[in-house]
Amino acid sequence: MTRLSDVALVVRSKNTSPFTYSLDIMFREPRDYQYFKSRKLIDAVLVARLYRLKPDQVLDVIYFDPAMAIKICLPRDISSGAPGDSDVYGAQQHAPLLLWEFNGNAGH
Amino acid sequence: MAKFTVLSPTAILGYGFPERSFERGLDCHPDLIAVDAGSVDPGPYYLGAGKSFTDRAAVRRDLAILLGAAVARGIPLVIGSAGGAGAKPHLQWTVEIVRELAAELGLGFRLGMIPADVTHETLLEGLRQGKLQALAGAPTLDARSIAGAGALVAQMGVEPIQRALAAGCDVVVAGRAYDPAVFAALPMLRGFDPGLALHLGKILECAAIAASPGSGSDCALGILEDNRFVLQALSEARVFTPTSVAAHTLYEKSNPSLLPGPGGALDLTDVSFEDIGGGRVAVSGSRFVPSQGYQLKIEGARQAGYRSIAIAGIRDPIMIQAIEEILEQVRARVAELLPDGGRNGRLHFHIYGKNGVMGDREPVRDFVAHELGIVIDAVCADPESADTLCSLTRSTLLHFGYDGRIATAGNLAFPFSPSDLRAGAVYEFSVYHLLEADPLELFPLTIMEI
Chain A
0 MTRLSDVALV
10 VRSKNTSPFT
20 YSLDIMFREP
30 RDYQYFKSRK
40 LIDAVLVARL
50 YRLKPDQVLD
60 VIYFDPAMAI
70 KICLPRDISS
80 GAPGDSDVYG
90 AQQHAPLLLW
100 EFNGNAGH
Chain B
0 MAKFTVLSPT
10 AILGYGFPER
20 SFERGLDCHP
30 DLIAVDAGSV
40 DPGPYYLGAG
50 KSFTDRAAVR
60 RDLAILLGAA
70 VARGIPLVIG
80 SAGGAGAKPH
90 LQWTVEIVRE
100 LAAELGLGFR
110 LGMIPADVTH
120 ETLLEGLRQG
130 KLQALAGAPT
140 LDARSIAGAG
150 ALVAQMGVEP
160 IQRALAAGCD
170 VVVAGRAYDP
180 AVFAALPMLR
190 GFDPGLALHL
200 GKILECAAIA
210 ASPGSGSDCA
220 LGILEDNRFV
230 LQALSEARVF
240 TPTSVAAHTL
250 YEKSNPSLLP
260 GPGGALDLTD
270 VSFEDIGGGR
280 VAVSGSRFVP
290 SQGYQLKIEG
300 ARQAGYRSIA
310 IAGIRDPIMI
320 QAIEEILEQV
330 RARVAELLPD
340 GGRNGRLHFH
350 IYGKNGVMGD
360 REPVRDFVAH
370 ELGIVIDAVC
380 ADPESADTLC
390 SLTRSTLLHF
400 GYDGRIATAG
410 NLAFPFSPSD
420 LRAGAVYEFS
430 VYHLLEADPL
440 ELFPLTIMEI
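Heads up: the protein sequence lines correspond to chains A and B, in order.
Quick note on numbering that gives the first Met the number 0: the first sequence kicks off at 0 and runs consecutively.
Quick note on numbering that gives the first Met the number 0: the second sequence kicks off at 0 and runs consecutively.
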């Protein structure tokens, strides 16, 4: 098993609006990105499982070739900075993805 | 070949920049100095309360350098989303600093001021005419929620800024603006391609953040040409690379290929990033696709009450093991003690060491920490009620006799005395919608000779 953090250059989260945030994954090696892209290793079902959501709550999973990146858009339960919110910038929501382990030999 | 050079001093006005980098930028003879001063990232408080999230002394320092250079050299200076949130109090705050500096430095110029405030009536009219559309996750609006929506601003496009520049303004201080607009307005007025100008603005609004290594407090230069633009770092410490620019294209965007803005979308499907040596990257293929009808993004923040908090640590393993049940029992007990049954307050426990960051979305469920940090977060309609809710919750939790308790002297380790703190007014985003409107009507221009 390989952790995403072993093949990713960047794994991060950030607000895209006060009501949504995005998870970005960027790869170091083209072959790793292609491995993920061709198999759609990361999809709404996986993200829903990692973030305790239903797949239809995942707003988008986009493979973006110019940056060898995957972008995932998620809704917030509580808007940024409203009572009960715990991450105003949405900057610390990436850890479940970072530690996610996948089965494969993406260059390893 | 036509060329237009834009100098972006820093990611946010007030974040600072090395003077050496700025001088290097001036040596490249920029046609425009532009800076973005705003963001919704710091949350709803700043728009709602009319406060800047940047420090006055820091903004003053940046502005002194920018104004001095721009006026002396006759380079137009455009500041967007003044004061952070870009509403009336933020705009006034920024203009006051500009006037102070002009007097101190003995500078004379024509100042254009463009407010971006939206009235509740305008929004209501938009709702009635079916011209209002909620963005993902935003609440559904009706007449009542619009009336209570608090402070409202619209993100202006390039048109109001172009009007100010065409009127001969040397310095333009704009309220809330679409981030790239302050960079793209002048080159578009001069006939440069809107797709390239806006994409350049998208990158320059964060200045050197898109370079490698990235920095929010260093300058960057963009050179627009007929069929491409070139990005250039201004410090020896960093370079632009195709990867750093591509990575930035993803940043804070929902869909990296199609970036909607006022009047249309930036289509980056066919974009390419080319390393042209010397730490420079050439970008081409960015296209602007005008939309049917002109849509402006409206942001609103309304007051949600007042907050009082208490911070405490827990080191007792028996208590930690059952923390969630204990906190729910405490919540129920506190509700019984309050005259309104706790209906009018919002009590939240941030449990650091368990799920304080991710809440219900935290996938790690079985890990038990050896200590926890608890923030009791009480929000009520008035400060006194928030004090009461916070205080009762704190005292109930401190002495709560949970099942299996052995340590009977007190359940919480307080780092501070007093344990309870007033955190002031609390706001929440109330509007995040698109409104079909005229590009200029909401953004009147005021000209002042300084």
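Glycine included, every Cβ here is placed at the ideal spot set by N, Cα and C.
- Within chain A, no residue has its beta carbon less than 9 Å from that of M187/B; the closest one is some 24 Å off.
- Here G83/A has I77 as same chain residues with Cβ atoms under 7 Å from its own Cβ, once five neighbours each way along the sequence are excluded.
- The beta carbon of P82/A sits closer than 8 Å to some beta carbon of chain B.
- In the three-state DSSP reduction, D376/B falls in the strand class (E or B).
- For R2/A, the closest Cβ of chain B is not nearer than 8 Å.
- Against chain A, the CB of V39/B has a partner CB under 8 Å away; the residue lies at that interface.
- Boundaries for L98/A: no alpha helix (DSSP H) harbours it, and the DSSP string shows neither H nor E there.
- Secondary structure note for E298/B: it is in no alpha helix (DSSP H), and the uninterrupted beta strand (DSSP E) holding it is Q294 to I313.
- Considered as a whole, the segment 43-94 of chain B harbours 76-79 as its complete beta strand (DSSP E) runs of no fewer than 3 residues, in chain order.
- Per DSSP, the beta-bridge partners of P259/B are A264/B.
- L396/B and N410/B do touch by the CB rule: their CB atoms are close to 6 Å apart, below 8 Å.
- Contact annotation: in the segment 40-62 of chain A, residues whose CB is within less than 9 Å of a CB in chain B are R48, L49, Y50, R51, L52, L58, D59 and I61.
- Secondary structure at F108/B: coil, using DSSP grouped into helix, strand and coil.
- Taken in chain order, the complete alpha helix (DSSP H) segments of 4 or more residues contained in the segment 154-206 of chain B are 157-165, 180-188 and 193-203.
- Closest by C-alpha distance to L249/B, out of S214/B, G284/B and A209/B, is A209/B.
- The C-alpha of S418/B lies about 11 Å from the C-alpha of D386/B.
- Judged by pairs of C-beta atoms under 8 Å, the segment 217-228 of chain B does not touch the segment 246-266 of chain B, as fewer than three such pairs exist.
- When only Cα atoms are considered, V44/A and S16/A end up about 23 Å apart.
- In the structure shown, R2/A adopts extended strand secondary structure according to DSSP, grouped into three states.
- Approximately 7 Å separates the beta-carbon atoms of A368/B and I319/B; this is inside 8 Å, confirming the contact.
- Interface residue (Cβ-Cβ distance to chain A less than 8 Å): T392/B is not classified as such.
- Taking C-beta separations shorter than 6 Å and ignoring five residues to either side along the sequence, the partners of Q161/B in its chain run A184 and L188, following chain order.
- Nearest CB-CB separation between S144/B and chain A: not below the 8 Å threshold.
- Residue environment analysis places E440/B among the exposed positions, since fewer than 16 neighbouring C-beta atoms fall within 10 angstroms of its C-beta.
- The contact set of H349/B on chain A, defined by CB atoms closer than 8 Å, consists of S85 in chain order.
- T242, A245, A246, T248, L249 and Y250: these are the residues of the segment 239-250 of chain B whose beta carbon lies less than 8 Å from some beta carbon of chain A, given in chain order.
- P17/B is the residue among P17/B, S271/B and V244/B whose C-alpha sits nearest the C-alpha of I64/B.
- Under a 10 Å Cβ-count criterion, F366/B is classified as exposed, with fewer than 16 other Cβ atoms of the shown protein chains found around its own Cβ.
- Under the three-state reduction of DSSP, D419/B is assigned to strand.
- Judged by DSSP secondary structure, S21/A falls within the beta strand (DSSP E) whose first and last residues are T19 to F26.
- Sixteen is the threshold: since fewer than 16 other Cβ atoms of the shown chains lie within 10 Å of the Cβ of S416/B, the residue is exposed.
- The criterion of a C-beta distance shorter than 8 Å is not satisfied by V39/B and Q91/A.
- Nearest Cα to L371/B within the set E323/B, C379/B, H398/B and V333/B: E323/B.
- Using a CB distance cut-off of 8 Å, Y426/B counts as an interface residue toward chain A.
- In the assembly as shown, M0/A is an exposed residue. Its beta-carbon has fewer than 16 other beta-carbons within 10 Å.
- The Cβ atoms of S429/B and G344/B do not sit closer than 8 Å to each other.
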